[in-house]
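What follows is a short report on a single structure.
Protein chains: 2
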Amino acid sequence: MQLLQSPAMRPLYLSYCFSSSRYLATITFSSSSNLLPKSILPTFRTNRGFNSTPSISRLSIRNCSSISAKPSSGLRRQKGSSDSSEPDDKKLRALRQLFSKPGIGIDAYVIPSQDAHQSEFIAECYMRRGFISGFTGSAGTAVVTKDKAALWTDGRYFLQAEKQLNSSWILMRAGNVGVPTASEWLNDVLAPGAKVAIDPFLFSFDAAEELKDDIAKKNHELVYLYDVNLVDEIWKDSRPDPPNAPIRVHELKYAGVDVASKLSSLRSQLAGAGCSAIVVSMLDEIAWLLNLRGGDVPHSPVMYAYLVVTMDDSKLFVDSSKVTSQVLIHLKNAGVELRPYASILSEIESLAFKGTELWLDPSSINAAIVNTYKAACEKHLEGLGSEGTGKSKNREVSNCSSGQSWGPSGVYRASPISLAKAVKNASELEGMRNAHLRDAAALAQFWAWLEDVIHEGAKLTEVDVSDKLLEFRKKQDGFIDTSFDTISGSGANGAIIHYTPEPENCSIVDPKKLFLLDSGAQYIDGTTDITRTVHFGEPTAHEKECFTRVLQGHIALDEAVFPGTTVGFVLDAFARSFLWKIGLDYRHGTGHGVGAALNVHEGPQSISFRHGNTTPLQEGMIVSNEPGYYEDHAFGIRIENLLHVKEANTPYRFGGIRYLAFEKLTFVPIQNKMVEVSLLSNTEIDWLNDYHSQVWEKVSPLVEGSASQWLWDNTRPLVRQ
Amino acid sequence: MQLLQSPAMRPLYLSYCFSSSRYLATITFSSSSNLLPKSILPTFRTNRGFNSTPSISRLSIRNCSSISAKPSSGLRRQKGSSDSSEPDDKKLRALRQLFSKPGIGIDAYVIPSQDAHQSEFIAECYMRRGFISGFTGSAGTAVVTKDKAALWTDGRYFLQAEKQLNSSWILMRAGNVGVPTASEWLNDVLAPGAKVAIDPFLFSFDAAEELKDDIAKKNHELVYLYDVNLVDEIWKDSRPDPPNAPIRVHELKYAGVDVASKLSSLRSQLAGAGCSAIVVSMLDEIAWLLNLRGGDVPHSPVMYAYLVVTMDDSKLFVDSSKVTSQVLIHLKNAGVELRPYASILSEIESLAFKGTELWLDPSSINAAIVNTYKAACEKHLEGLGSEGTGKSKNREVSNCSSGQSWGPSGVYRASPISLAKAVKNASELEGMRNAHLRDAAALAQFWAWLEDVIHEGAKLTEVDVSDKLLEFRKKQDGFIDTSFDTISGSGANGAIIHYTPEPENCSIVDPKKLFLLDSGAQYIDGTTDITRTVHFGEPTAHEKECFTRVLQGHIALDEAVFPGTTVGFVLDAFARSFLWKIGLDYRHGTGHGVGAALNVHEGPQSISFRHGNTTPLQEGMIVSNEPGYYEDHAFGIRIENLLHVKEANTPYRFGGIRYLAFEKLTFVPIQNKMVEVSLLSNTEIDWLNDYHSQVWEKVSPLVEGSASQWLWDNTRPLVRQ
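Written as structure tokens, this is what we have:
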């Protein structure tokens, strides 16, 4: 899965966007023929949800507690039967009526795409921006004033938004010259001193502060509506129920470290930072820390929850209907108590009153939690009778006095769990290796089948092809879900980095064109993400040259050895240098972190041409290696493996530090036919032949018949010229 | 000349340290046998002069207005006859007596290494830290309180400082664990509320502000002594006169663009930034802008001056005794008036009173100028009768109100001349190419001679060798000076990156060891900087492997093609990757900017493992390409060419932008004997053979006899294995 250029980001946080696929599947193993085409392009943890690329949203997913992996052809039917059939202007009228209700009294309402956890994939009941605007693209922010409504989205969605928005809405083509940001627009259209409201659960603290500061320029006040989401108020009965898929224990043989040890190590970090507790809201962090997996959202095996860990206890805020008796025992053994999901704020308040110094990551923890804590800190202070500040006692207070010994004030920094989760232990790595081999077997079967039927003249659509891939994957032990929506692009569609084939209008896979397939799966023991680009007939010399230069970049990164202090972006140019020689490049990053049986995109590391992320690569991290090249209206090329960062065992260790290198996790042939051998050095030819020899050795025991023959044929050494 | 690791720096400014040589020479052509060993390690434009690596200083240069290139063997004699022979504790007593003089009244005085222009090489009369402390190392900061005196220097100078400092001084080994910074120490030893004084001309505004903020933590006040430098007061008659070498016109055939055009383009930039004038204090910027060259400091053909350019006129603040009649006419033609060097502050005040909006680069303009301007702005404001701020009217006021229409406040950003100067025009490039060929001829003669005498068994010291190199260079047309102190290191000395051979204790060049020679020259038309590493006998396999990996890195950077938006640090890893494969690395940057017949180190671009400098490489810039490897107590390897950044003429231009590549300026053989051919790819062998073929073609017409034979022998193609 590739990374796309996005706005500048804060250090230590990933900012990547990625393409979509057509499958929605959750964590259990049953299947269904309901089809759910989706289009997603989140800006993941950019903390810029408002003014820049709008963030995560999903629409038209009917039932997020579904436990089925669903091929795509049924979606249109579901879209047709949408309950949200009332005209959008009627919704707007209903929304505006709420503006003047007692206790509300606002002039504008901002509806982002996020859920309360800054998740990459979210449950349908949280897709409020889609519901209110009718725009089903994955990225967008809606802003409604008393007499105007505007929606911001980016270039990928201009056409779609034009079709889906009714005349009540102004389409804001974000990134086009002269198009204001949402806050600029608010500052322009509202009379000074207006009240702009948000649901503070849907903004990270950082994002809410940024919005607050931006609109303060025109003296507007940012109002946090804690107790009501105005879109939910008008969505009412047609709003899907919150997801309630059962939680399962992620077995110790896969997790590698028990919950008690993880909590103990977390508590040491808390103590080291002068904190006595932490609030965790990123769903993959909670799943990793508690060795649990859930099924509340597509593609990511996580459950909606908050977690509070103090020095003495841990409380999981989750809908208890998801908690099986096995999970209950597991949590009890780890000393984790259950609390209702909705009771998180009262817990935060109570912690502050007790004087608890909380570690809060302001880029991921929502503004509702942070502001509740800050307000309670202040109340605590006043209660202690120390110099009263006279500040407002409502939840919008901006700052507790910091670091005073007589009261808590919070420690605001990046979550310590992000890095701990990124550095995989031996069991997690073993699971990832095993899952990748089974995935490779499914892919060998798939490619053998596809080449066969294409050569027989079958007319298959891009959607047919990815449906069939899902079939093969489902047969593998421990398969749970796709890890993202499969990108299946023939010819020119391969050049659309965020291409999502739709059953009703996608292309036939053309045997005379390049075909790009980017897909991945969630298994019980690991997460995969692989891209291959193939030609079923005879590629042109130009296609071969481009492919070969992408491959050379892939090899250069794969073979890199580097000091243990190296930041990901230092390696990015290795993957581009061969394209650069002829004036070519690609507009996305080269590598992202991948979770172990968790999110297919995770931080804190990345390998990108952007220089904002200064996290060094560390032993145990997993990153993708996915250079590409895209020629508009012609073809797309990407070659992606996952890599494990390991010690290099160099003969020397200059500077007394370890040197690092990569271990490949992905073992699927790269099409020799696409390689222009004359461009390759002997070392590069050796790399490819060695890789294919390993592929045969590792994957052939898992396949038979035509798949075995295909694997044999596609792992033969390249002949030197 | 190599770059060394240094503290983090601000974007857009170079931070490099470099080694020293033994020659002092100024801009005329006569020669002398006086020898002046030098040791210099400036932190160039780091704006961190105080707390981090101490900055520029030179000691023991007797007469900066000297116009001779001087070999080194005479220095000791001069040192012996030093006028500053009174004991250092006597100096300290005299200095402290001044503390309580009327109008002074201070508790501590900080003496940095800088001159008033943040120069890399400075005149002897400005070497106050060396005079007061007795420590003659190039890097150091002295701090004197009423009862203590401390000197900060870095690891290269610990031994030297131990020898040179008397018992009155505390040696602060900067960088060692537990050693405080100078401001931490001041905060520790002074009673709160003390007055710490500096000469505000010797600190950039940024550096002074940093010091002020740091000591404010203990309520100390930073006092600016404008009218007196306390060290000069006790230095008195023995202080060398300020340099007064005659200024010369840098002919248009070398400069390429006349002064009027440069000033016109500068004024457009001023207008674009909303300014009506600029103060220029970097000496190379003044020389470049006015097409003048001077002889006030060693190695850099510049003169001490300030320049003020308004929309209507230009004023050069310079000692008129340096201005020849030819220069006077040249300046008059360009509309540049002369003013006394010492009158700069009154001009600044007058500009502020006239309401002039000044462009000031706070990282290079000294605190005296910036604070004078700020104070005058405030006075101007009060004079206009607008709301008086009630702020102090002395020169230490920190801020004018910004951007108000009724008064100037200054625009504080990086100098626009730095980038304009870095992007060379066709004439400057032509001059650089020509100077490099003459320099190559001198080097061919030198290497032919050296190999010959070494093989005959001559016992030559490292100093003898660099003296002889100077002899060969002096014979070349247009030779003016060395561009830095030659680094001549045999065996283990080559591993000391900042090695400076001293006549009395340097090594014999050992025919059985590697020999590293880093040197450069100033010619009338260009500036050179080249490093070669050779073996006179049989290198070991390990030496060959290390050399070859350094060479591979050199080739990878030389052959890089990259988008026109690429920042230098993106290319740095190309030069390291082959060393990294076996766990080796080097602790300095890979490339620095070089002036055209100007400073051998210039910004704003660099190629470094440090990520602070985000200046993109641009067509016309010149950078060094100098990877290395240093094995302590054994050998050092560095291979350095200068490169010109040019358009790459790629077949494609992805993204609609130009792609860039490098043109080599340096044409001196790389010793084939050192190459382990089996490590090289065919492409790398082709690179080396092609380079040597070009060297022969370009340089052989300039040499004859044994040098021609040597050049022939050393440009033969490498035989593939």
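One line per chain: the protein sequences are A and B, in this order.
The numbering of the first sequence is our numbering, which starts it at 114 and goes up by one.
The numbering of the second sequence is our numbering, which starts it at 114 and goes up by one.
Glycine residues also receive a C-beta, built at the ideal position from the N, C-alpha and C atoms.
Three-way DSSP call (helix, strand, coil) for A/R829 in this model: Three-state result, A/R829: coil.
Interface residues of chain A facing B/D698 [CB-CB closer than 8 Å]: P676, F767 and G768
Proximal chain A residues relative to B/P764, where beta-carbon distance stays under 8 Å: I695 and G696
The segment 719-749 of chain A: positions lying closer than 7 Å to chain E by Cβ: Going by chain labels, chain E is absent from the structure shown, which instead holds the protein chains A and B.
CA nearest to the CA of B/F649, picked from B/K625, B/E672, B/C659 and B/T661: B/K625
Paired residues, beta bridge with A/D594 - DSSP: A/Q635
Span of the alpha helix (DSSP H) around B/N547: A539 to H568
Within chain B, partners of A/L684 - CB distance below 8 Å: A686
Through-space distance from B/P353 to B/T678, alpha-carbon basis: Pairing B/T678 with B/P353, the inter-Cα distance amounts to about 47 Å.
Segments of 4+ residues assigned as alpha helix (DSSP H) that fall wholly inside the segment 237-310 of chain B: 241-246, 271-277 and 295-302
Range of the contiguous alpha helix (DSSP H) that encloses A/N446: S438 to N446
Classification of A/Q227 by the beta-carbon crowding that lies within 10 angstroms, buried from 16 upward: buried
Whole-angstrom distance between B/P453 and B/D202, CA atom to CA atom: Their backbone Cα atoms lie some 36 Å apart in a straight line.
Strand pairing of B/I720, partner residues [DSSP]: B/G704
Within-7 Å CB hit, A/S794 to chain B: yes
CB contact flag (A/C659, A/I750, <7 Å): yes
Exposure label - B/K745; buried when at least 16 CB within 10 Å: The amino acid at residue 745 of chain B is misidentified as Lys; the sequence shows Asp. Flag for B/D745 reads exposed.
Contacting residues, own chain, Cβ-Cβ under 6 Å from B/A262 (five flanking each side not counted): L205, S281 and W282
Endpoints, the beta strand (DSSP E) within which A/V422 is located: Y419 to T423
Within chain A, partners of B/A859 - CB distance below 8 Å: Residue 859 of chain B falls outside the range modelled here, since chain B spans only 114 to 834, and no answer is possible.
Proximity winner among A/M424, A/L697 and A/E715, relative to B/P764 (alpha-carbon distances): Of A/M424, A/L697 and A/E715, the residue nearest in Cα terms is A/L697.
A/H549, buried or exposed, once every other Cβ within 10 Å from all chains shown has been counted against 16: Result: buried.
Assigned secondary structure, B/I478 (DSSP; H/G/I helix, E/B strand, else coil): coil
Nearest residue (CA-CA) to A/N484, options A/V336, A/G291 and A/T653: A/V336
Identity of the residue in A/L211, A/T294 and A/G268 nearest A/I328 by Cα: Between A/I328 and the set A/L211, A/T294 and A/G268, the nearest pair of CA atoms involves A/T294.
Burial state of B/R833 (16 or more Cβ within 10 Å): With fewer than 16 Cβ atoms within 10 Å of its Cβ, B/R833 is classed as exposed.
Residue interval of the beta strand (DSSP E) (run including A/V713): Element bounds for A/V713: n/a, residue is neither H nor E.
CB contact check: A/V832 to chain B, cutoff 7 Å: no
Rounded separation between B/T599 and A/W401 - CA only: 58 Å
Under 7 Å from the C-beta of B/Y525: neighbouring residues of chain A: Residues of chain A passing the Cβ test: none, with the nearest at roughly 23 Å.
Contact residues within the segment 769-790 of chain B, judged by C-beta distance below 8 Å to chain A: Y772
Within 7 Å, strictly: CB atoms of A/A229 and A/R242: no
For A/N446, the nearest candidate out of A/L403, A/R723 and A/R546 (CA to CA): A/L403
Three-state class that DSSP yields for B/L376 in the structure shown: helix
Any C-beta of chain A under 7 Å from that of B/S505: Residue placement at B/S505 is flagged as unreliable, the pLDDT there being 38, under the threshold of 50; the coordinate-derived value follows with that caveat. Not flagged as an interface residue toward chain A: B/S505, since no C-beta distance is shorter than 7 Å.
Residue range of the unbroken alpha helix (DSSP H) whose run includes B/F904: Here chain B covers residues 114 to 834 and nothing more, so residue 904 of chain B does not appear.
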